[in-house]
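Student: Dropping the structure in here first, questions after.
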Amino acid sequence: MRTIYCSQCGKEMSVSPGQSGAVRCPHCNATVSLPVGSPAVVPPTSPTAWHSLGYSHRSKIIAGLLGILLGGLGVHRFYLGYVGIGVIQIVVTFITFGFGSIWGLIEGILCLLGQMRDAEGRPLHD
Numbered sequence: 021m022r023t024i025y026c027s028q029c030g031k032e033m034s035v036s037p038g039q040s041g042a043v044r045c046p047h048c049n050a051t052v053s054l055p056v057g058s059p060a061v062v063p064p065t066s067p068t069a070w071h072s073l074g075y076s077h078r079s080k081i082i083a084g085l086l087g088i089l090l091g092g093l094g095v096h097r098f099y100l101g102y103v104g105i106g107v108i109q110i111v112v113t114f115i116t117f118g119f120g121s122i123w124g125l126i127e128g129i130l131c132l133l134g135q136m137r138d139a140e141g142r143p144l145h146d
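Under the working numbering, the first residue of the sequence shown is numbered 21, with each subsequent residue one higher.
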């Protein structure tokens, strides 16, 4: 078996070494064409490659950890491109004497669950 990645959803798929033609992605049901003898396709590493798959180049794991650890300072929002909301989170945290940081903690968990998008509206990659 060899590993390829779906051109639509970016999820990992396994195909037999001699298989050619087209296969269906078990995750999104998209048709993925396989050239004869093509090597295994590696996951995207550049921002442009992630964008071509419809995902942000920003990681949901990094955003989630920033939200959990530094959410009161809005660091995860700055990372995702939401500068205005990041500044608001800093102000709320200072005005509430630190209690406003629960906002960032909750958003950090939402990032890890894949429920947040970047400022361009793209879902975060794994």
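A virtual CB, placed ideally from N, CA and C, is assigned to each residue, including glycine.
1. Residues in the same chain with beta-carbon distance under 6 Å from D138, minus the five sequence neighbours each way, listed in chain order, please.
2. Which of the three DSSP states, helix, strand or coil, is assigned to Y25?
3. By the 10 Å Cβ neighbour count, where 16 or more other Cβ atoms means buried, how is P59 classified, buried or exposed?
4. Among I115, G41, C131, which has the Cα closest to the Cα of L89?
5. In angstroms, rounded to a whole number, what distance separates the CA positions of G41 and S53?
6. Could you check the C-alpha separation between G124 and V107 for me, to the nearest Å?
7. Could you have a look at T116 and say whether DSSP puts it in helix, strand or coil?
8. Out of curiosity, what's the CA-to-CA distance linking K80 and T116?
9. What's the C-alpha gap between T51 and G128?
10. Would you list the one or two residues that DSSP bridges to H77?
11. From which residue to which residue does the beta strand (DSSP E) around G128 run?
Tutor: Well, looking at it:
1. Taking the first residue of the sequence shown as position 1, residue 138 is located at position 118. Contacts found: S76, R78, L100, G101.
2. On the sequence shown, residue 25 is found 5 positions in, with the first residue counted as 1. Residue state, collapsed to three classes: strand.
3. Counted from its first residue, the sequence shown places residue 59 at position 39. Bear in mind that a pLDDT of 49 at P59, under 50, signals an unreliable position, so the model cannot answer this.
4. The residue you call residue 89 lines up with position 69 of the sequence shown. It is C131.
5. By 1-based counting over the sequence shown, the position of residue 41 is 21. By 1-based counting over the sequence shown, the position of residue 53 is 33. Roughly 6 Å separates the two Cα atoms.
6. For the purposes of this step, residue 124 is identified with residue 104 of the sequence shown, where counting begins at 1. For the purposes of this step, residue 107 is identified with residue 87 of the sequence shown, where counting begins at 1. Approximately 12 Å, taken between the alpha carbons.
7. Residue 116 sits at position 96 when you count from the first residue of the sequence shown. The answer is coil: DSSP assigns T116 none of H, G, I, E or B.
8. Along the sequence shown, one-based indexing puts residue 80 at 60. Along the sequence shown, one-based indexing puts residue 116 at 96. Taking the straight line from one Cα to the other gives about 27 Å.
9. Working through the sequence shown from its first residue, we reach residue 51 at position 31. Working through the sequence shown from its first residue, we reach residue 128 at position 108. In a straight line, the C-alpha of T51 is about 34 Å away from that of G128.
10. Stepping through the sequence shown from its first residue, residue 77 is reached at position 57. None; H77 has no bridge partner.
11. As a first step, residue 128 must be located in the sequence shown, where it is residue number 108. No beta strand (DSSP E) holds G128; the alpha helix (DSSP H) holding it covers 121-132.
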